[in-house]
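Colleague: Okay, handing you the structure first.
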Amino acid sequence: MSAGDTPITIVGNLTDDPELKFTQGGAAMARFTIASTPRVYDKTTNQWQDGNALFLRATAWRDLAEHAVESLTKGMRVVATGRLVQHNWKTETGENRSMLGLDVDEIGPSLRFATAKVTRAQRANGGATAATGRAADPWSTATPGPAPAVGSYAEEPPF
382 MSAGDTPITI VGNLTDDPEL KFTQGGAAMA RFTIASTPRV YDKTTNQWQD
432 GNALFLRATA WRDLAEHAVE SLTKGMRVVA TGRLVQHNWK TETGENRSML
482 GLDVDEIGPS LRFATAKVTR AQRANGGATA ATGRAADPWS TATPGPAPAV
532 GSYAEEPPF
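When we follow my numbering, the leftmost residue of the sequence shown carries the number 382, and every step to the right adds one.
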């Protein structure tokens, strides 16, 4: 996350299954909508009342996109964190439009009302980075190799 980004965490339900697409460059992208509805207990009626629902369009990229499509389904309660972004465009009639969205950094099922089994995703090259040949997993028991030079990337940058 860079300076000036607006971080946000949202808890809600998926309105549909995540949709996987690929950019012209081959990067995986998953799009989905998270609906978050606040609930307030009304003491006068002794009932829960739903507030106004927030529907936030979310986008996940690369491995996260593929994992989201494989793991998440419509109706699932999720916890997502990322950067709030504003998209601006003009309609065919020249009107200015805008929409807020979420660029997802992390997402997973909410465990408040459910349980989940986590399966570690396998990497195509066994978890080793191309530049160093060592395991990219920070919890790996493999002996780390030499640190990369200052200013160089141990892995390809995420963009």
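Even glycine gets a Cβ: it sits at the ideal position worked out from N, Cα and C. These figures come from a predicted structure and were not determined experimentally.
So, using beta-carbon positions, are A439 and A409 closer together than 8 Å?
Modeller: As a working mapping, residue 439 is identified with position 58 in the sequence shown. As a working mapping, residue 409 is identified with position 28 in the sequence shown. No, they are not a contact pair.
Colleague: So, helix, strand or coil for L445, using DSSP?
Modeller: Here residue 445 is taken as the residue at index 64 of the sequence shown, counted from 1. DSSP places L445 in helix when its eight states are reduced to three.
Colleague: State the Cα-Cα distance for the pair T396 and T425, rounded to the nearest angstrom.
Modeller: Residue 396 sits at position 15 when you count from the first residue of the sequence shown. Residue 425 sits at position 44 when you count from the first residue of the sequence shown. Whole-angstrom Cα-Cα distance: 31 Å.
Colleague: With distances taken Cα to Cα, identify the nearest neighbour of F403 among A441, S479, P419, T414.
Modeller: If you number the sequence shown from 1, residue 403 lands on position 22. F403 has its Cα closest to that of A441, out of A441, S479, P419, T414.
Colleague: What does a CB cutoff of less than 8 Å around L483 pick up in its chain, not counting 5 residues either side in sequence?
Modeller: As a first step, residue 483 is located in the sequence shown; it is residue number 102 there, counting from the start. Around L483: I389, I391, I415, L437, R438, A439, T440, A461, G463, R464, L465, V466.
Colleague: Pull up the distance between the alpha-carbon of W470 and that of R412, whole angstroms please.
Modeller: Taking the sequence shown and counting its residues from 1, the one referred to as residue 470 is at position 89. Taking the sequence shown and counting its residues from 1, the one referred to as residue 412 is at position 31. Straight-line Cα distance between these residues: approximately 19 Å.
Colleague: Go through its chain and collect everything with a Cβ distance to A497's Cβ below 6 Å, but skip five positions before and after it.
Modeller: As a working mapping, residue 497 is identified with position 116 in the sequence shown. P490.
Colleague: Which residue wins for smallest C-alpha separation from R504, given the options S452, L492, H448?
Modeller: Residue numbering aside, residue 504 sits at position 123 when the sequence shown is read from its first letter. When only C-alpha atoms are compared, the closest one is H448.
Colleague: Our contact map puts R443 next to R493 with C-beta atoms below 8 Å; I'd like the distance itself, whole angstroms only.
Modeller: Translated into positions along the sequence shown, residue 443 becomes position 62. Translated into positions along the sequence shown, residue 493 becomes position 112. The beta-carbon separation of R443 and R493, rounded to 28 Å, does not stay under the 8 Å limit for a contact.
Colleague: Skipping 5 residues on each side, what residues in its chain have a beta carbon closer than 6 Å to that of G393?
Modeller: As a position in the sequence shown, residue 393 is number 12, starting the count at 1. Setting aside the 5 residues that flank it on each side, G393 is surrounded in the same chain by I415, A416, S417, each with a C-beta closer than 6 Å to its C-beta; the list follows chain order.
Colleague: Mind reading off the beta-carbon distance from L453 to P399? Whole number of angstroms is fine, and I expect it under 8 Å.
Modeller: In the sequence shown, the residue the question calls residue 453 occupies position 72. In the sequence shown, the residue the question calls residue 399 occupies position 18. Sure, about 6 Å apart at Cβ, within 8 Å.
Colleague: With 16 as the cutoff for other CB atoms within 10 Å, does T387 come out buried or exposed?
Modeller: Taking the first residue of the sequence shown as position 1, residue 387 is located at position 6. Looking at its Cβ environment, which holds fewer than 16 other Cβ atoms inside 10 Å, T387 is exposed.
Colleague: Taking only the alpha-carbon atoms, compute the straight-line gap between R473 and Q428 and give it to the nearest angstrom.
Modeller: The residue given as residue 473 occupies position 92 in the sequence shown. The residue given as residue 428 occupies position 47 in the sequence shown. In the sequence on display, residue 473 carries Glu and not Arg. C-alpha separation (whole angstroms): 46 Å.
Colleague: With R504 as the anchor, note down where its beta strand (DSSP E) starts and where it stops.
Modeller: Translated into the one-based positions of the sequence shown, residue 504 becomes position 123. Counting along the chain, R504 falls outside any beta strand (DSSP E), and DSSP gives it neither H nor E.
Colleague: Just to confirm my understanding: we take A502, look at its own chain, exclude 5 residues before and 5 after, and list those with CB closer than 8 Å. What are they?
Modeller: Within the sequence shown, residue 502 is the residue found at index 121, counting from 1. Same-chain partners within the cutoff: D444, H448.
Colleague: From this set, N433, E451, M480, which residue's C-alpha is nearest W401's C-alpha?
Modeller: As a first step, residue 401 is located in the sequence shown; it is residue number 20 there, counting from the start. It should be pointed out that residue 401 corresponds to Leu in this sequence rather than to Trp. Closest option to L401, Cα to Cα, is E451.
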